[in-house]
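Participant: Our numbering applies: residue 64 is where the sequence shown begins, and numbers increase by one.
If you scroll down you'll find the structure; I have some questions about it.
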Amino acid sequence: MLSVLWLSADAESSNIKNIELKRTLLGHGFHRDLITRLTLPPGIGASLSKPQCTLLLIETLPSGVYADPYQLNSLKLFGGSQILFDSPVNVENAEFLSRSHELYIFVNVSDHFTKDSTNHTEVEVSFPIHARYHKPSPDKTHATVTILHPSLYSNCSESDVTSSITAPCDLSNTSICDWVPLTYLSTSAPLTLYVPVGQESHKPIVILVTLLVSITVSALLVKVMWISQTAKHDKHS
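Here it is as structure tokens:
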């Protein structure tokens, strides 16, 4: 989701001279919401006030988590973030069969910058992420997944051409544009997600229980089929 809020000059953040980034994870367990909040000071806001200006966040998700493309596409219909994936994502793979993937998050805030030089603009981007299954461990109960801060770019800031990158212009991914990096101050550490993992010492018990359940279910199915066939035979005889 993308929302734009106003911070007045007498607010606590009125002393901010640079772009400020804050990150949080909401929720518990395997399914979380990743929230990124950018606070833009008036000077930078003025330089990004052109109608065609867009901010680009490049988010790198490690192999231990993923964003679901189908889920994010459905959320776009309800005002969800404009997110483009750099490659297909297999949502069924375990962590050890996966690799990191990048998300291009396009934020068009040109209509939301204040003309009053005493105000700041706050932009919030959020989307759901999901933890992947990890290999059982001989001595750990949880695996640690670290999500680093995103890179931030603009398509209309003045900068040395050599420092810019090329990336898709928008969500349609039909053209490539130059994007200029923007520096920011972060008031939050890289995010850490603790994912429960199985214990290798439990493997024999799990195998035994799984085998017993499979045999029991198979026997019950054979019994039901036998009774059904016997009933049909008796009916026709």
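Glycine included, every Cβ here is placed at the ideal spot set by N, Cα and C.
Predicted, not measured: the structure shown is a model, and the values here were computed from it.
1. Taking only the alpha-carbon atoms, compute the straight-line gap between Cys116 and Glu165 and give it to the nearest angstrom.
2. Look up Val276 in the DSSP assignment and say whether it is helix, strand or coil.
3. Let me make sure I understand the geometry here. Which of Val243, Leu254, Ser200 has the alpha-carbon closest to that of Ser214?
4. Answer with buried or exposed for Asn29, where buried requires no fewer than 16 other C-beta atoms within 10 angstroms of its C-beta.
5. Enumerate, from N- to C-terminal direction, the unbroken beta strand (DSSP E) stretches of 3 or more residues contained entirely within the region 143–230.
6. Are Tyr216 and Leu103 touching if we call contact CB-CB under 7 Å?
7. For Thr177 and Tyr129, what's the separation of their Cα atoms in angstroms?
8. For Ala194 and Ile121, what's the separation of their Cα atoms in angstroms?
9. So the candidates are Pro191, Gln145, Lys139; which of them puts its Cα closest to the Cα of Pro231?
10. Nearest to Pro201 by alpha carbon, out of Val287, Leu275, Gly261?
11. Helix, strand or coil for Val269? Go by DSSP, reduced to three states.
12. Indicate the three-state DSSP secondary structure (helix, strand or coil) for Pro105 in the structure shown.
13. Compute the distance between the beta-carbons of Val186 and Leu101, then report whether it is under 7 Å.
14. Among the candidates Glu158, Pro259, Ala252, whose CA atom is the shortest distance from the CA of Lys203?
15. On a Cα-Cα basis, can you pick out the residue from Leu84, Ile168, Ser189, Val269 that is closest to Ser235?
16. Check this for me: beta carbons of Ser227 and Asp241, under 7 Å apart or not?
17. Roughly how many angstroms separate the alpha carbons of Ser281 and Val272, rounded to a whole number?
18. What are the residues that DSSP puts in a beta bridge with Cys240?
19. Using three-state DSSP, classify Pro125 as helix, strand or coil.
20. Tyr257: buried (16+ other C-beta within 10 angstroms of its C-beta) or exposed?
21. Tell me the DSSP secondary structure of Tyr257 in three-state form.
22. Cα-Cα, which of Pro253, Met288, Thr279 is closest to Leu88?
23. Rounded C-beta distance between Val208 and Pro267? I'm assuming under 8 Å.
24. Going along the chain, which residues of its own chain have a beta-carbon closer than 6 Å to the beta-carbon of His197, five neighbours each way excluded?
Facilitator: In brief:
1. 22 Å
2. helix
3. Val243
4. This structure cannot settle anything about residue 29, because the visible part of the chain is limited to 64 through 300.
5. 145–148, 164–170, 183–194, 205–210, 214–217
6. Using a Cβ distance threshold of 7 Å, Tyr216 and Leu103 do not count as a contacting pair.
7. Low confidence applies here, because Thr177 scores a pLDDT of 47, under 50, leaving its location unreliable; read the following figure in that light. About 35 Å.
8. 19 Å
9. Gln145
10. Gly261
11. helix
12. helix
13. yes
14. Pro259
15. For the residues Leu84, Ile168, Ser189, Val269, the minimum Cα distance to Ser235 belongs to Ile168.
16. Against a cut-off of 7 Å, the Cβ pair of Asp241 and Ser227 comes out as a contact.
17. 14 Å
18. DSSP output for Cys240 lists Ala230 as bridge partner(s).
19. coil
20. exposed
21. Note: Tyr257 maps to strand in three-state DSSP.
22. Pro253
23. 28 Å between Cβ atoms; not a contact.
24. Glu158, Ala206, Val258, Val260
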